[in-house]
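Visitor: Each protein sequence line maps, in turn, to chains F and H.
Mapping of the first sequence onto numbering that gives the first Met the number 0: position 176 corresponds to residue 175, and the numbering continues sequentially without gaps.
Mapping of the second sequence onto numbering that gives the first Met the number 0: position 97 corresponds to residue 96, and the numbering continues sequentially without gaps.
I am attaching a structure below and will ask some questions about it afterwards.
There are 2 protein chains.
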Amino acid sequence: MAKAQFNREEIIYKVTELFWNHGYSGSSMQQVVKVTGLKPGSIYYSFGNKEALFKEALENYAQKRLMRIRRTLDGASSVGKGICHHLDRLVNDAAAHDFRSCFLVKTQLELAGEGNELYAHAAAKLAEMEALFQQYLEREYDLELSQSRATSIMLHSFGLRVYGYQKNPEKRMRLALRQGLPWLPWDEKVVESKELKFRG
Amino acid sequence: MAKAQFNREEIIYKVTELFWNHGYSGSSMQQVVKVTGLKPGSIYYSFGNKEALFKEALENYAQKRLMRIRRTLDGASSVGKGICHHLDRLVNDAAAHDFRSCFLVKTQLELAGEGNELYAHAAAKLAEMEALFQQYLEREYDLELSQSRATSIMLHSFGLRVYGYQKNPEKRMRLALRQGLPWLPWDEKVVESKELKFRG
DNA sequence: TATTTACTTGAATGATTATTCAAATTAAAA
DNA sequence: TTTTAATTTGAATAATCATTCAAGTAAATA
């Protein structure tokens with residue numbers, strides 16, 4: 000018996016890029032063939048069909064995201080600092096020229112209307128994210144406050160994942176985050192440090 | 000010469016429903032034929048092609064949204080009250096069982112990666128919305144504060160347009176809005192009034 | 001009423017879609 | 001080395017895609 004000629008992780012990475020960029024309906028299996036270099040038969044033999052392939056990519060993405068958040072919050076000197084660091088990364092994503100929102104968010108919006116089960120999957124992963132934030136916040140605040148603040152973080156995160164498509168959104172996003180999440184330990188003076196970038 | 004047998008507004012309404020629910024790639028011209036009752040030839044004669052048809056639907060939607068916000072803000076006893084009313088409507092949308100986010104937001108996320116000009120159009124309309132909020136806020140606050148608060152409102156609005164896909168999001172959304180936008184004149188006690196619904 | 005132009009019709013076009021499968025190839029197991 | 005099973009190949013399938021167009025119909029104008 001032969002074993003798989005390809006590296007599954009590598010294939011899933013390429014497929015994730017495709018689906019994340021172009022969405023489920025916007026990506027064709029012929030594009031999958033192109034970006035992976037695999038033949039149609041191999042793809043179907045190893046991954047089942049388009050939906051199953053998408054699901055594996057989405058699951059892989061979600062797991063990596065959740066792990067990264069956990070790592071960030073664990074590595075920070077306080078929960079608040081960790082959350083700031085996380086949100087800062089979202090702002091940097093959104094400020095990049097090749098911004099493409101979040102794979103989970105995009106999937107939810109695209110597939111919720113189709114009754115596609117992939118939507119519920121994406122929604123569940125995002126709910127896990129909120130639960131994670133709440134869990135960490137409960138180390139410093141009571142249950143009620145942790146809950147509303149976790150939701151507030153999600154609202155802001157989702158906001159950034161959409162607002163990033165605006166023109167030059169970075170400065171405005173940073174100011175609005177400080178407006179809406181004033182209880183977080185931001186460091187001072189966003190505006191100046193931003194303008195420095197253009198001088199030096 | 001004959002004149003159009005159909006009501007253009009009515010057709011655009013039906014087409015908007017289709018595109019809003021299933022997206023650009025997720026909707027086919029055959030579905031357009033089905034929901035409108037028009038024949039392919041008529042559609043192409045009157046609207047050009049799929050992209051032009053989508054654009055007209057999107058433009059119509061955006062205009063109605065902007066008008067509604069203006070009306071709400073003009074009709075309110077204060078800018079703050081008007082914004083609360085607007086956000087309340089977004090929460091109600093998000094709490095409905097047939098929630099489908101916002102047509103502009105969905106279009107942006109779907110088409111930004113394709114280099115499709117429809118994306119820029121959607122983004123521009125959302126920028127107009129932010130400018131509108133800022134303009135009204137400037138009646139009560141200075142420029143800087145109006146700017147950051149307008150962005151904060153957009154961040155929360157976008158957040159609601161995504162968070163609505165979560166399970167039973169209403170109560171959490173209302174609490175998080177009060178968390179993140181504490182400067183707005185909310186009326187007290189969301190929690191109780193929500194629970195009342197389930198008893199009566 | 002006759003003519004002209006605006007619009008409708010719907011079958012047809014060729015491209016693209018997801019998926020299949022018999023045959024060939026590979027490498028582990030015997 | 002031979003056998004066996006896992007994997008690859010790539011052309012083929014049938015469905016669906018956006019779009020076209022010659023022919024037909026309707027109504028405004030002359």
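Even for Gly, the Cβ is constructed at its ideal location relative to N, Cα and C.
Predicted model, so just to flag it, every value in this text is computed and none were measured.
Quick check: the stretch 39-57 of chain H against the stretch 32-44 of chain F, are there 3 or more CB pairs under 8 Å?
Guide: With the cut-off at 8 Å, the stretch 39-57 of chain H and the stretch 32-44 of chain F do not touch.
Visitor: Which of the three DSSP states, helix, strand or coil, is assigned to residue 180 of chain H?
Guide: It is coil, neither helix nor strand.
Visitor: For residue 15 of chain H, is the classification buried or exposed, using 16 other Cβ atoms within 10 angstroms of its Cβ as the cut-off for buried?
Guide: It counts as buried.
Visitor: Excluding the five sequence neighbours on either side, which residues of its own chain have a C-beta within less than 6 Å of the C-beta of residue 139 of chain F, listed in chain order?
Guide: Cβ neighbours of residue 139 of chain F beyond the five flanking positions: 78.
Visitor: Would DSSP call residue 19 of chain H helix, strand or coil?
Guide: Here residue 19 of chain H sits in helix by DSSP.
Visitor: Name, going along the chain, the residues of the stretch 150-174 of chain H whose beta-carbon falls closer than 8 Å to a beta-carbon of chain F.
Guide: Hits within the stretch, in order: 150, 151, 153, 154, 155, 156, 157, 158, 159, 160, 161, 162, 164, 165, 166, 171, 172, 174.
Visitor: What are the start and end residues of each continuous beta strand (DSSP E) run of 3 or more residues lying completely inside the stretch 110-146 of chain F, in chain order?
Guide: The stretch 110-146 of chain F contains no whole beta strand (DSSP E) run of 3 or more residues.
Visitor: In three-state terms, what does DSSP make of residue 186 of chain F?
Guide: It is coil, neither helix nor strand.
Visitor: When the Cα atoms are used, what is the spatial distance from residue 162 of chain F to residue 1 of chain F?
Guide: Straight-line Cα distance between these residues: approximately 49 Å.
Visitor: How is residue 6 of chain F classed by DSSP in three states: helix, strand or coil?
Guide: Three-state result, residue 6 of chain F: coil.
Visitor: Closer than 8 Å, CB to CB, is residue 34 of chain H near chain F or not?
Guide: Not an interface residue.
Visitor: Confirm, please, whether the CB-CB distance from residue 83 of chain H to residue 183 of chain H is below 8 Å.
Guide: Contact: yes.
Visitor: For residue 121 of chain F, which residues in the same chain have their Cβ closer than 6 Å to its Cβ, ignoring the five residues on either side in sequence?
Guide: 103, 106, 107, listed in sequence order.
Visitor: Residue 64 of chain H by DSSP, collapsed to three states: which one?
Guide: Three-state result, residue 64 of chain H: helix.
Visitor: For the alpha helix (DSSP H) that contains residue 95 of chain F, what are its first and last residues?
Guide: Run containing residue 95 of chain F: none; DSSP gives neither H nor E here.
Visitor: Name the chain H residues that come within less than 8 Å of residue 91 of chain F, Cβ to Cβ?
Guide: The contacting residues do not exist; residue 91 of chain F stays about 16 Å from chain H at best.
Visitor: Does the distance from the C-beta atom of residue 147 of chain F to that of residue 159 of chain H stay below 8 Å?
Guide: Going by C-beta atoms, residue 147 of chain F is not nearer than 8 Å to residue 159 of chain H.
Visitor: Got a sec? Which residues, its chain only, sit under 6 Å from residue 125 of chain H by beta carbon, not counting five neighbours each side?
Guide: If we look at residue 125 of chain H and ignore the five residues flanking it on each side, its Cβ neighbours are 103.
Visitor: For residue 143 of chain H and residue 85 of chain H, what's the separation of their Cα atoms in angstroms?
Guide: Cα to Cα, residue 143 of chain H sits roughly 22 Å from residue 85 of chain H.
Visitor: List, in chain order, every chain H residue whose beta-carbon is nearer than 8 Å to that of residue 21 of chain F.
Guide: 112, 113, listed in chain order.
Visitor: Measuring CB to CB, does residue 23 of chain H end up less than 8 Å from residue 109 of chain H?
Guide: Cβ atoms of residue 23 of chain H and residue 109 of chain H: closer than 8 Å.
Visitor: Counting Cβ pairs closer than 8 Å, one from the stretch 26-33 of chain H and one from the stretch 41-56 of chain H, do we hit at least three?
Guide: Contact between the stretch 26-33 of chain H and the stretch 41-56 of chain H is present, because at least three Cβ pairs lie under 8 Å.
Visitor: Using the Cα positions of residue 185 of chain H and residue 93 of chain H, report the straight-line distance between them to the nearest angstrom.
Guide: Whole-angstrom Cα-Cα distance: 18 Å.
Visitor: Quick one: grab the DSSP three-state call for residue 59 of chain F.
Guide: The answer is helix: DSSP assigns residue 59 of chain F an H, G or I state.
Visitor: Buried or exposed for residue 44 of chain F, please, with buried defined as at least 16 other CB atoms from any protein chain shown within 10 angstroms of its CB.
Guide: By the neighbour-count rule (16 or more Cβ atoms within 10 Å), residue 44 of chain F is not buried but exposed.
Visitor: Using a Cβ-Cβ cut-off of 8 Å (strictly less than) and excluding sequence neighbours within five positions of residue 197 of chain H, which residues of its own chain qualify?
Guide: With a pLDDT of 45 at residue 197 of chain H, under the threshold of 50, the modelled position of this residue cannot be trusted, and the question is left open.
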